[in-house]
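Engineer: Quick one: the structure is below, and I'll ask about it shortly.
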Amino acid sequence: MRIAYVFLGAFLAIAQSAYAEVASPPVLAPLKRQAQAAELSAQFLSRYSYKPVPLDDALSARIMDGFIKSLDPDRMLFLQTDIDRFMADRSEIDDAIERKDLKIPFAIFNAYEQRVVDRTNYARGLLKQSFDFSAQENYSVLRDKAPWPQSEAESNELWRKRVKSDWLRLKLGGKTDAAIRETLDKRYENTLERAYKFKSDDVFQSFMDAYSTSIDPHTDYFGAAASADFNVSMKLSLFGIGAVLQERDDYTTIRELVPGGPAQLSGKLAVGDRITGVGQGKDGAIKEVVGTRLDEVVQMIRGKKGSVVRLDILPADAGADGTHRVISLVRDKISLDKQAARKTVLSVKAGDATRKIGIITLPVFYEDFEAKGKGDQDYKSASRDVAKLLDELKQEKVDSVLIDLRNNGGGSLDEAIDLTGLFIGNGPVVQQRGSNGKIEVKSAELAAPVWTGPMGVLINRGSASASEIFAAAIQDYGRGVIVGEPSFGKGTVQTVVDLDQIVRNSKPEFGELKVTIAQFFRVNGGTTQLHGVTPDISLPGLSDPTSFGETSYDNALPWAQIKPANYTPADTITTLLPTLQSRHDARIESNPDFQRLLKDIADLKAQREKGIVSLNEAERRKEAAAREKRFKDRAEAGDGEDLGDDGLEAGERSLSADIAIENARKNAKDVLLDETVAILADEADLQEGMLKAATKESGNTNGK
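Convert by adding 1208 to the 1-based position in the sequence shown; the result is the number in our numbering.
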């Protein structure tokens, strides 16, 4: 009874706001299967994690802190009085989970929903007034460590500044007051609508995310939807119609047609078409989906290969009252090739020669575990695809190969090992220490490497886990030059546990756990944990290491070291590094593109450290004019166009405008890649020189 009473007080406090006449969002309650899944997860995590953490009062406090932070990271929604109420139960979560009682997180989430409704309606009300942009005031954009508002009046002031900031951005983007008012009202209305669409599973997923990451940063819980998406990301395939969908103004809209998919081959769908209804089979009733959550529409459209799905379509060029058409599509296997390995070839001058550099971009270490387990000889995997690309690059007679792993967050451990084998052949790649302290050396087992020539790896702060295993092995063997930023620093191994299988449940109810089971170590005995992989040649980056990377987690495992594995490194790269570094330094010093990038990074860092934006129009126009001049100078130098800041968010422009901006960003000059290619060209040039010198020396010796 105490819990119900406490949170009833929270609702009463909120209901007394200026927007009490607005309908409250639905009150969400836990389901029996969710409470069972939480208790089952607790049993498993308390015993079988790499570093088991007991579910006690201390962990309860961390879970509570993490859950509240996930709901209100900028401390713009809850009041301090809300937080005080929540904290009364800060040490009770462990007992509640053991009792299979999830009232605490659900009560917090219901209070969160009501605060979203209350604050969003307050923001919409502010649009009726005019703002004074001559006043000298600032808006804080970094509030993650700020105190929660002490009163509704203090919260109102925060939201006044937020709305004023949104308005000023649109004003600086050239919008009229009427257009600004319409845009922001629609933006806030969309936020409001999302609050009414939350379901019980959303609350449970958020709570279990807070619980699992309180164990360690890379332990995760997957409900049914999250589990399906994880499997799709590893297989790089699904059964559906082959369309990328986006929610726009309550409509599920076609953003992209996957080449070769049923939707594209049918000729019946176009980018911008809106799906207003979905029916199953040739005769199934069509269910209206206008206003339905995107993830739910996606699940309705996906299905078994060969099955029929019928779509009620409102054409892109039709008004809301336009003529609809119903189409039938047969679901088929869709390959998500955007995440697959791909290659390009660039030519660059190095010394007296022009070098061809083959670039293989790998977004994720994917592997179709299911197909592999069934014995499919042609299952999809990252290392298999890269091997094919290397054969093609050999045919094209490239001088060097670059593996671009920027923002590759990892994936299959086996794939990282197999990929390393393409460049070293046979030998240890990574050492793995389990919770029992036993160390296992995992090796590549290719009879011979696929590529024996010069190579390198490009990494950034977003390169993690399997990416770090591969980059570290290449570095430890001296096999290639590592270029970029220090990587993420994730040195742990996870496995996925099906909770339904554990209890022999005949139907999927409880979800899956991705559990940390081991720590991996480099063949040289060190670990990438916390420190990441340090590049041989460093390049600048845009990320903030204090908020992104393993060091940003307060419960990350510490750095450690074990004995080196039995491997034989080469010293070629070590010998070349001083010359590679000096050539790199000289090149970037005279490279205007690189120097402009350094200026951009410095400006971003300064803005990040500042943590505030001015709400004075004259000051902001002065800042905008300086930025526009900088971009104009770049455009005149042939370095892309100024995309500017129109103040709009994704989905507020026309679909064609959004796609155009996305394409412009994709096609912008990649300064870091260009410089890395130049470094690899130098590497190929120097290695060829060393080979010629060694051949000449050998000839002289033989002659004697």
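All C-beta atoms in this analysis are idealised placements derived from N, C-alpha and C, irrespective of residue type, glycine included.
On a CA-only basis, which of 1423, 1339, 1312 and 1288 is nearest residue 1266? Give me that one, please.
Structural biologist: Within the sequence shown, numbered from 1, the residue matching residue 1266 stands at position 58. Checked all of 1423, 1339, 1312 and 1288; the closest Cα to residue 1266 is 1423.
Engineer: Taking all protein chains shown into account, do 16 or more other C-beta atoms lie within 10 angstroms of the C-beta of residue 1737, making it buried, or fewer, making it exposed?
Structural biologist: Residue numbering aside, residue 1737 sits at position 529 when the sequence shown is read from its first letter. Buried, because 16 or more other Cβ atoms sit within 10 Å of the Cβ of residue 1737.
Engineer: Please list, in chain order, all residues of the same chain as residue 1354 whose beta carbon is under 6 Å from its beta carbon, the five residues on each side excluded.
Structural biologist: Residue mapping note: residue 1354 aligns to position 146 of the sequence shown, counting from 1. Excluding positions up to five away in sequence, the list reads 1283.
Engineer: Straight-line CA distance for residue 1585 to residue 1516?
Structural biologist: Taking the sequence shown and counting its residues from 1, the one referred to as residue 1585 is at position 377. Taking the sequence shown and counting its residues from 1, the one referred to as residue 1516 is at position 308. Rounded to whole angstroms, residue 1585 to residue 1516 spans 29 Å at the Cα level.
Engineer: Pick out whichever of 1873, 1856, 1776 and 1877 has its Cα sitting closest to the Cα of residue 1390.
Structural biologist: For the purposes of this step, residue 1390 is identified with residue 182 of the sequence shown, where counting begins at 1. The shortest Cα separation from residue 1390 among 1873, 1856, 1776 and 1877 belongs to 1856.
Engineer: Go ahead and pull the three-state DSSP assignment for residue 1287.
Structural biologist: By one-based count along the sequence shown, residue 1287 stands at place 79. Coil at residue 1287, not helix or strand.
Engineer: Taking 6 Å as the limit between beta carbons, can you name the residues of its chain near residue 1280, skipping five residues before and five after?
Structural biologist: The residue labelled residue 1280 in the question sits at position 72 within the sequence shown. Correct list, in chain order: 1286.
Engineer: On the three-state DSSP scale, how would you describe residue 1895?
Structural biologist: As a working mapping, residue 1895 is identified with position 687 in the sequence shown. Residue state, collapsed to three classes: helix.
Engineer: Note down, one range per segment and in chain order, each alpha helix (DSSP H) of at least 4 residues found wholly within the stretch 1645-1691.
Structural biologist: List check, alpha helix (DSSP H) in window: 1674-1684.
Engineer: Looking at residue 1877 and the ligand GTP, is the gap between the Cβ and the nearest heavy atom below 7 Å?
Structural biologist: With respect to the ligand GTP, the structure shown offers nothing to examine, as it has no ligands at all.
Engineer: If contact is defined by three or more beta carbon pairs under 8 Å, each pair taking one atom from either stretch, is the stretch 1554-1561 in contact with the stretch 1510-1529?
Structural biologist: Verdict: no, contact absent.
Engineer: Between residue 1347 and residue 1805, which are expected to be in contact by the criterion C-beta below 8 Å, what is the C-beta distance as a whole number of angstroms?
Structural biologist: The count along the sequence shown starts at 1 and reaches residue 1347 at position 139. The count along the sequence shown starts at 1 and reaches residue 1805 at position 597. With a Cβ gap of about 28 Å, residue 1347 and residue 1805 do not count as contacting.
Engineer: Going by beta carbon distance, what residues of the same chain come within less than 6 Å of residue 1624, once the five residues before and after it are set aside?
Structural biologist: Here residue 1624 is taken as the residue at index 416 of the sequence shown, counted from 1. Closer than 6 Å at the Cβ level, and outside the excluded window around residue 1624, lie 1573, 1674, 1677 and 1678.
Engineer: Is residue 1632 buried or exposed, if buried means 16 or more other CB atoms sit within 10 Å of its CB?
Structural biologist: What you label residue 1632 is simply residue 424 of the sequence shown in a count that begins at 1. Result: buried.
Engineer: Between residue 1540 and residue 1447, which are expected to be in contact by the criterion C-beta below 8 Å, what is the C-beta distance as a whole number of angstroms?
Structural biologist: Your numbering for residue 1540 matches position 332 in the sequence shown. Your numbering for residue 1447 matches position 239 in the sequence shown. Sure, about 7 Å apart at Cβ, within 8 Å.
Engineer: With a threshold of 8 Å, are at least 3 pairs of Cβ atoms found where one atom belongs to the stretch 1697-1710 and the other to the stretch 1644-1664?
Structural biologist: Counting Cβ pairs under 8 Å, fewer than three are found: no touch.
Engineer: From 1616, 1611, 1606 and 1746, pick the residue whose C-alpha is nearest to that of residue 1682; which is it?
Structural biologist: Taking the sequence shown and counting its residues from 1, the one referred to as residue 1682 is at position 474. Per the Cα distances, 1611.
Engineer: Keeping to the same chain, check which residues put their C-beta closer than 6 Å to that of residue 1668; ignore five residues upstream and five downstream.
Structural biologist: Here residue 1668 refers to the residue found at position 460 of the sequence shown. For residue 1668, where only same-chain residues beyond five positions count, the Cβ hits under 6 Å are 1614, 1692, 1693 and 1749.
Engineer: Kindly list the residues whose CB is nearer than 8 Å to the CB of residue 1787, restricted to its own chain and excluding five residues on each side of it in sequence; keep chain order.
Structural biologist: Locating residue 1787 in the sequence shown gives position 579, counting from the first residue. Once the five neighbours on either side are set aside, the close Cβ partners of residue 1787 are 1890 and 1894.
Engineer: I'd like the list of long-range same chain contacts for residue 1369, defined as Cβ closer than 6 Å, with 5 residues on each side in sequence excluded.
Structural biologist: Looking up residue 1369 in the sequence shown gives position 161. Excluding positions up to five away in sequence, the list reads 1347.
Engineer: Tell me which residues share the same chain as residue 1734 and place their Cβ nearer than 7 Å to its Cβ, disregarding the 5 neighbours each side in the sequence.
Structural biologist: By one-based count along the sequence shown, residue 1734 stands at place 526. For residue 1734, where only same-chain residues beyond five positions count, the Cβ hits under 7 Å are 1769.
Engineer: With the cut-off set at 8 Å, would you say residue 1600 and residue 1551 are in Cβ contact?
Structural biologist: Your numbering for residue 1600 matches position 392 in the sequence shown. Your numbering for residue 1551 matches position 343 in the sequence shown. Cβ atoms of residue 1600 and residue 1551: closer than 8 Å.
Engineer: Got a sec? Which residues, its chain only, sit under 8 Å from residue 1726 by beta carbon, not counting five neighbours each side?
Structural biologist: The sequence position of residue 1726 within the sequence shown is 518, counting from 1. Excluding residues within five positions, the ones whose Cβ falls inside 8 Å are 1258, 1640, 1641, 1642, 1643, 1700 and 1701.
Engineer: Taking the C-alpha atoms as reference points, what is the distance between residue 1480 and residue 1344?
Structural biologist: For the purposes of this step, residue 1480 is taken as the residue at position 272 of the sequence shown. For the purposes of this step, residue 1344 is taken as the residue at position 136 of the sequence shown. So the two alpha carbons sit approximately 43 Å from each other.
Engineer: Here's a check: name, in chain order, each residue in its chain whose Cβ is nearer than 7 Å to the Cβ of residue 1777, leaving out the five neighbours to either side.
Structural biologist: As a first step, residue 1777 must be located in the sequence shown, where it is residue number 569. Cβ within range, chain order: 1684, 1685 and 1686.
Engineer: Between residue 1802 and residue 1809, how many whole angstroms is the CB-CB distance? I'm expecting something under 8 Å.
Structural biologist: Here residue 1802 refers to the residue found at position 594 of the sequence shown. Here residue 1809 refers to the residue found at position 601 of the sequence shown. That belief does not hold up - the Cβ atoms of residue 1802 and residue 1809 are roughly 11 Å apart, past 8 Å.
Engineer: Residue 1418 and residue 1278: beta carbons closer than 8 Å?
Structural biologist: Taking the first residue of the sequence shown as position 1, residue 1418 is located at position 210. Taking the first residue of the sequence shown as position 1, residue 1278 is located at position 70. Yes; because the gap between Cβ atoms is below 8 Å, this pair is in contact.
Engineer: Any idea if residue 1220 is buried or exposed, counting beta-carbon neighbours within 10 angstroms, 16 or more meaning buried?
Structural biologist: If you number the sequence shown from 1, residue 1220 lands on position 12. Its pLDDT being 28, under 50, residue 1220 is placed unreliably by the model, and nothing is read from it.
Engineer: Are residue 1606 and residue 1670 touching if we call contact CB-CB under 8 Å?
Structural biologist: Translated into the one-based positions of the sequence shown, residue 1606 becomes position 398. Translated into the one-based positions of the sequence shown, residue 1670 becomes position 462. It is not a contact, given that the beta carbons lie outside the stated cut-off.
Engineer: Looking at residue 1403: is its Cβ nearer than 8 Å to the Cβ of residue 1455?
Structural biologist: Counted from its first residue, the sequence shown places residue 1403 at position 195. Counted from its first residue, the sequence shown places residue 1455 at position 247. No; because the gap between Cβ atoms is not below 8 Å, this pair is not in contact.
Engineer: Would residue 1724 pass as a contact of residue 1426 if the rule is Cβ separation under 8 Å?
Structural biologist: Here the question's residue 1724 lines up with position 516 in the sequence shown. Here the question's residue 1426 lines up with position 218 in the sequence shown. Taking 8 Å as the Cβ cut-off, residue 1724 and residue 1426 qualify as a contacting pair.
Engineer: Taking the DSSP output, what are the residues bridged to residue 1631?
Structural biologist: Residue 1631 sits at position 423 when you count from the first residue of the sequence shown. None, per the DSSP bridge assignment.
Engineer: What's the call for residue 1231, buried or exposed, on a 16-neighbour Cβ count within 10 Å?
Structural biologist: Along the sequence shown, one-based indexing puts residue 1231 at 23. Classification of residue 1231: exposed, given that the 10 Å Cβ count is below 16.
Engineer: For a minimum of 3 consecutive residues, which ranges assigned as the beta strand (DSSP E) are wholly contained in the stretch 1253-1324?
Structural biologist: Taking only runs of at least 3 residues, no beta strand (DSSP E) segment lies wholly in the stretch 1253-1324.
Engineer: Using CA coordinates, which residue listed in 1510, 1484 and 1507 is at the minimum distance from residue 1499?
Structural biologist: Residue 1499 sits at position 291 when you count from the first residue of the sequence shown. The shortest Cα separation from residue 1499 among 1510, 1484 and 1507 belongs to 1484.
Engineer: Go ahead and pull the three-state DSSP assignment for residue 1803.
Structural biologist: The sequence position of residue 1803 within the sequence shown is 595, counting from 1. The answer is helix: DSSP assigns residue 1803 an H, G or I state.
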